[in-house]
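Structure first, then comments.
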Ligand SMILES: Nc1ncnc2c1ncn2[C@@H]1O[C@H](COP(=O)(O)OP(=O)(O)OP(=O)(O)O)[C@@H](O)[C@H]1O
Ligand SMILES: [Mg+2]
């Protein structure tokens, strides 16, 4: 109950902000921050709960973005359908990645997911209809009423996706599914012998995680009015999605949210204050600091408060 | 009475190494069964094949009239085969109680939607098992803070939480003091009295001989002798296998 | 879950302080804002371009600024990542409140800000992008690059070829959209000149070994070989040609090889470049008023700033952006974007890269993609490229600095 009230509150805040704030920069920056909230939350479902480290976030994010762009180019389908298509495509890719876990664990799985990014990027570089290496410019339609600007609409849409992702992650975490995933992380063999259908659960987690990453990518072509492979499959997404839960904490659904807001806000600020090189450095330094000083993330520092809130 | 578990001609190779060769054993429902053999003789491999952690290369494993040797491990657990691990594998991020909630939620109290009631039911059952096994006061302790004895008890408790019909205990008493050994023995006797078939793998001869109604001795992946405890102790092959003479 | 609230509050506070600091001053500077790729794949070029723009800012301020106000230059690094440019440009507009906008170097980082400037009706100075206004069709966009559509890249090559009496042509093109775009333009021209295509090959972007293709070209005995390649491929192709040779039939070789304009590549290929006829934006010897003086000042600063020491390709054109803005603002005495755009559409602007006039799409009415032939280039000598004659301009006719040397194999052999 408390969760739904806060979730509703956060979402209403986003809507109110869109209604009263004139300055569009906050929405452009906020959109990016929310994208990382979704990516980090999605990543944590597989990486945090089940312990399968996924470096392939850009593959899922990018496939979602391209699914939306191609659908839009072919049919001018509205944003909602683009998001659904993107989630479906990336969910399917997640399903395939889930089957990989049958044979690949630990570092081998992580490496395979990097390969996934390369494969996806190559695929879209060579697909002329989707713009190839040069990219595809898209003329975005007018925003849907009551929004008067497209970016505000995208911001609210991304806020909705973020709230939905966190709700899904929370459901998974607090239900038997989450317990099963944690069991897999702790000992896959013991989990299996305790009746946990480990493969099914991993495939499920991979698919959900992939679908949410795809949904996060779906509005990107409209955000940029443009799509192009190198930035769409950029490894920054992989780093952000992985670093945020590590910084925020992986054991509670709020950890990735805190980490993503902190990290990507800092990154946004650094980009427009210091320099691009610093941007990468900031992530690195934060990661090292947290891995050394607070291995359980920010949540670990407030452990009592959060574990008390959970059954 | 028909056998609960029929192992027929089971072989298992690791590369070119034959860990099990044509092992056949039948175990009756309700039986207390001992499995002994020197280090590396294939005991754990055999129960890995039975519980599903490994696939046997040849032979069949029939549990309660059903061929299970191609089923994934979790399916076998749901059909009633539970095991403890020789090297304890607790769910280290969870409390002791939560460790038991895993099999409880995935076997006995399975259901897509978990209501507060079913969850409470599962928790009650977990607490009951912990009381039986003497871990009740540790229910909320993170399982990575348990002592060696407690870890072994947790292994048994978690296996119990799957409500097994066949419980395989893989060296649950290794490294325990004699008091603790009799404590664990008592627990296993008690479980057996409720109708659970038990396979005990053990190096502690006194314990296994006291517990078992029937014993099989493995050596180098083959059965070298089978019989009542007294006969096994007296068997020259067994003595030779153990003493390496 | 109060974090969002806090965040919005914090951002608000930052914005407020920025605005209040900026306000109240009577003679505020005129702010010119942009993002420039300073890291990532376009980073090296971006840094050189940035230096040129900073030179313009210094120059204009030394002259007393624009409309009696100092010019302040605000630039952020977009890391060659188009995902970052929308937020950067809204920051420039809504928080930094810049008066004038310049696009980042390159097509990719520019594309996402086109809808933004169109929606808000803003003047945007283009920066070496290719047809980025094609879909958006913003009438307040003015590119600084000397090309227009795909045809404008290959005109020169074929006109030089036909003067040599060429009858046949071979095409070698990277299988990517940009190269294919150029190839299509080139094919149209070849057809209009009645050239027969005797060889045609699209190679995948990852190709590293071109020897079999070069052999096939030699076997086809073409008069012209038109190549559209990316920097890594360009280097590999030049090396393969020098190992294998393309045969005595070939009069001209080159055309659209990206990378041969870049100082490090020119320096490392050295004499292997001799004979190649390739597109360019500026080469020494062209007498645009002021360009030589600019390059002399530039190369001093470039050494200190550790960027491209020659700076022929991008920097003069970036300096020109400043000059274009300066002339428009001075002529109209205004910072109103509509007024400025209207003036730019009507008037010709004088820059260090020559006079510029724009068509309705904001591209040059008279594109000036040069075709220049490498001649007498020696190995391991950077300074030789500063002298006229190492790259002889064959096209456009108005800028010719010499006549074509052919056949290719004969020129290639000479140091
Ligand atoms: N996964 C595996 N890969 C390769 N060899 C294995 C594997 N598992 C077991 N073995 C080998 O198979 C043989 C039997 O091992 P197993 O663990 O079944 O013996 P055990 O009877 O349980 O011994 P212990 O009394 O020491 O527990 C040993 O030689 C062991 O090294
Ligand atoms: Mg063993």
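Chains as they are written, first to last, in this note's numbering: chain A, 1 to 311; chain B, 1001 to 1245; chain C, 2001 to 2415.
In this text, a Cβ means the ideal position worked out from N, Cα and C, and glycines have one as well.
Can you tell me whether residue 35 of chain A is buried or exposed? The criterion is at least 16 other CB atoms within 10 Å of its CB, across all chains shown.
Stepping through the first chain from its first residue, residue 35 of chain A is reached at position 35. Buried.
Please state whether DSSP places residue 2394 of chain C in a helix, a strand or coil.
Within the third chain, residue 2394 of chain C is the residue found at index 394, counting from 1. Note: residue 2394 of chain C maps to strand in three-state DSSP.
Taking only three categories from DSSP, how would you classify residue 1028 of chain B?
The count along the second chain starts at 1 and reaches residue 1028 of chain B at position 28. In this structure, residue 1028 of chain B counts as strand in the three-state DSSP scheme.
Checking 9 Å against the spacing of the C-beta atoms, do residue 1214 of chain B and residue 1229 of chain B come in under that value?
Against the second chain, residue 1214 of chain B aligns to sequence position 214. Against the second chain, residue 1229 of chain B aligns to sequence position 229. Yes, Cβ-Cβ distance for residue 1214 of chain B and residue 1229 of chain B is below 9 Å.
Name the chain A residues that come within less than 9 Å of residue 1044 of chain B, Cβ to Cβ?
In the second chain, the residue the question calls residue 1044 of chain B occupies position 44. Ordered by position in chain A, no residue passes the 9 Å Cβ test against residue 1044 of chain B, which lies about 12 Å from the chain.
What does residue 1242 of chain B touch in chain A if you count any residue whose Cβ is under 7 Å from its own?
Counting from 1 along the second chain, the entry for residue 1242 of chain B is found at position 242. Result: empty, since nearest Cβ-Cβ is about 29 Å, beyond 7 Å.
Counting C-beta neighbours from all protein chains within 10 Å, is the total for residue 260 of chain A 16 or more, i.e. buried, or is it exposed?
Taking the first chain and counting its residues from 1, the one referred to as residue 260 of chain A is at position 260. When all chains shown are included, residue 260 of chain A counts as buried.
Please list, in chain order, all residues with a C-beta atom less than 7 Å from at least one heavy atom of ligand 2.
The answer, residue by residue, is B/1043, B/1044, B/1086, B/1170, B/1171, B/1201.
Using a Cβ-Cβ distance cut-off of 9 Å, determine whether residue 2306 of chain C contacts chain A.
Residue numbering aside, residue 2306 of chain C sits at position 306 when the third chain is read from its first letter. By this cut-off, residue 2306 of chain C is not an interface position.
Could you tell me which residues DSSP pairs with residue 1198 of chain B in its beta bridges?
Your numbering for residue 1198 of chain B matches position 198 in the second chain. Note: residue 1198 of chain B sits in a beta bridge opposite B/1032, B/1167.
Looking at the structure shown, is residue 2038 of chain C part of a helix, part of a strand, or coil, going by DSSP?
By 1-based counting over the third chain, the position of residue 2038 of chain C is 38. It is coil, neither helix nor strand.
Under the criterion of a Cβ to heavy atom distance below 8 Å, does residue 1203 of chain B qualify as lining ligand 1?
To locate residue 1203 of chain B, count along the second chain from 1; it is residue 203. Yes, ligand 1 has a heavy atom inside 8 Å of this Cβ.
Please report how far the alpha carbon of residue 8 of chain A lies from the alpha carbon of residue 2079 of chain C, in whole angstroms.
Sequence index remark: in the first chain, residue 8 of chain A carries index 8 (1-based). Sequence index remark: in the third chain, residue 2079 of chain C carries index 79 (1-based). Spanning the two alpha carbons is a distance of roughly 36 Å.
Kindly list, in the order they appear in chain A, the residues whose Cβ is closer than 8 Å to that of residue 2176 of chain C.
Here residue 2176 of chain C corresponds to residue number 176 of the third chain, with the count starting at 1. What residue 2176 of chain C touches in chain A: 125, 132, 133, 134.
Is it buried or exposed, residue 1040 of chain B, if we count other Cβ atoms within 10 angstroms and call 16 or more buried?
In the second chain, the residue the question calls residue 1040 of chain B occupies position 40. That one is exposed.
From residue 2331 of chain C to residue 2293 of chain C, what distance separates their C-alpha atoms?
As a first step, residue 2331 of chain C is located in the third chain; it is residue number 331 there, counting from the start. As a first step, residue 2293 of chain C is located in the third chain; it is residue number 293 there, counting from the start. When rounded, the distance between both Cα atoms is 25 Å.
What residues are listed by DSSP as bridge partners for residue 2373 of chain C?
Here residue 2373 of chain C refers to the residue found at position 373 of the third chain. Residue 2373 of chain C pairs with C/2277, C/2392.
Considering just the uninterrupted stretch of the beta strand (DSSP E) at residue 1082 of chain B, what are its terminal residues?
Sequence index remark: in the second chain, residue 1082 of chain B carries index 82 (1-based). From DSSP, the beta strand (DSSP E) with residue 1082 of chain B extends over 1081-1083.
For residue 1234 of chain B, name the three-state secondary structure that DSSP assigns.
Counting from one through the second chain, the residue named residue 1234 of chain B turns up at place 234. It is helical.
Please confirm if residue 2107 of chain C has its CB atom under 9 Å from at least one CB of chain A.
Counting from one through the third chain, the residue named residue 2107 of chain C turns up at place 107. Yes, residue 2107 of chain C counts as interfacial toward chain A.
Using three-state DSSP, classify residue 2288 of chain C as helix, strand or coil.
The residue labelled residue 2288 of chain C in the question sits at position 288 within the third chain. Here residue 2288 of chain C sits in coil by DSSP.
Compute the Euclidean distance between the alpha carbons of residue 199 of chain A and residue 2215 of chain C, then round it to the nearest angstrom.
Taking the first chain and counting its residues from 1, one reaches residue 199 of chain A at position 199. Taking the third chain and counting its residues from 1, one reaches residue 2215 of chain C at position 215. If I take the Cα positions, the gap works out to 53 Å.
Of all the options C/2310, C/2175, C/2185, C/2232, which has the alpha carbon lying nearest to the alpha carbon of residue 2388 of chain C?
Indexing the third chain from 1 puts residue 2388 of chain C at position 388. Selected option, being the one with the closest Cα: C/2310.
Spatial neighbours of residue 2289 of chain C within its chain, please: C-beta separation below 8 Å, excluding the five flanking residues on both sides.
The residue you call residue 2289 of chain C lines up with position 289 of the third chain. Closer than 8 Å at the Cβ level, and outside the excluded window around residue 2289 of chain C, lie 2350, 2352.
Could you tell me whether the region 1192-1200 of chain B touches the region 1027-1039 of chain B, using the rule of 3 or more Cβ pairs below 8 Å?
Yes, they touch.
Find the residues of chain A that neighbour residue 1078 of chain B, judging by a C-beta separation of less than 8 Å, and give them in chain order.
Looking up residue 1078 of chain B in the second chain gives position 78. 195, listed in chain order.
If you follow the alpha helix (DSSP H) that residue 2337 of chain C is in, where does it begin and where does it stop?
Within the third chain, numbered from 1, the residue matching residue 2337 of chain C stands at position 337. Here the alpha helix (DSSP H) through residue 2337 of chain C covers 2337-2346.
For the region 2033-2094 of chain C, list the alpha helix (DSSP H) runs that are entirely contained and at least 4 residues long, ordered along the chain.
For the region 2033-2094 of chain C, whole alpha helix (DSSP H) runs of length 4 or above, ordered along the chain, are 2043-2062, 2085-2090.
Need the endpoints of the beta strand (DSSP E) that residue 42 of chain A sits in, please.
The residue labelled residue 42 of chain A in the question sits at position 42 within the first chain. Unbroken run through residue 42 of chain A is the alpha helix (DSSP H), 25-44; no beta strand (DSSP E).
Looking only at its chain, what residues have a beta carbon closer than 8 Å to the beta carbon of residue 1126 of chain B, apart from the 5 residues adjacent to it on each side?
One-based indexing of the second chain puts residue 1126 of chain B at position 126. Same-chain partners within the cutoff: 1097, 1100, 1101, 1104, 1139, 1161.
Over what stretch of residues does the beta strand (DSSP E) that includes residue 2173 of chain C continue unbroken?
Here the question's residue 2173 of chain C lines up with position 173 in the third chain. Element bounds for residue 2173 of chain C: 2168-2174.
Using a threshold of 9 Å, state whether the C-beta atoms of residue 2051 of chain C and residue 2305 of chain C are closer than that.
One-based indexing of the third chain puts residue 2051 of chain C at position 51. One-based indexing of the third chain puts residue 2305 of chain C at position 305. Contact: yes.
Relative to ligand 1, is the shortest distance from any of its heavy atoms to the C-beta of residue 1019 of chain B smaller than 8 Å?
Residue mapping note: residue 1019 of chain B aligns to position 19 of the second chain, counting from 1. For ligand 1, at least one heavy atom lies less than 8 Å from the Cβ of residue 1019 of chain B.
Considering just the uninterrupted stretch of the alpha helix (DSSP H) at residue 2201 of chain C, what are its terminal residues?
The residue labelled residue 2201 of chain C in the question sits at position 201 within the third chain. No alpha helix (DSSP H) contains residue 2201 of chain C, which is instead part of the beta strand (DSSP E) from 2196-2203.
Could you check whether the Cβ of residue 1039 of chain B sits closer than 8 Å to any heavy atom belonging to ligand 1?
Here the question's residue 1039 of chain B lines up with position 39 in the second chain. For ligand 1, at least one heavy atom lies less than 8 Å from the Cβ of residue 1039 of chain B.
Excluding the five sequence neighbours on either side, which residues of its own chain have a C-beta within less than 7 Å of the C-beta of residue 2385 of chain C, listed in chain order?
As a position in the third chain, residue 2385 of chain C is number 385, starting the count at 1. Closer than 7 Å at Cβ, skipping near neighbours: 2266, 2310.
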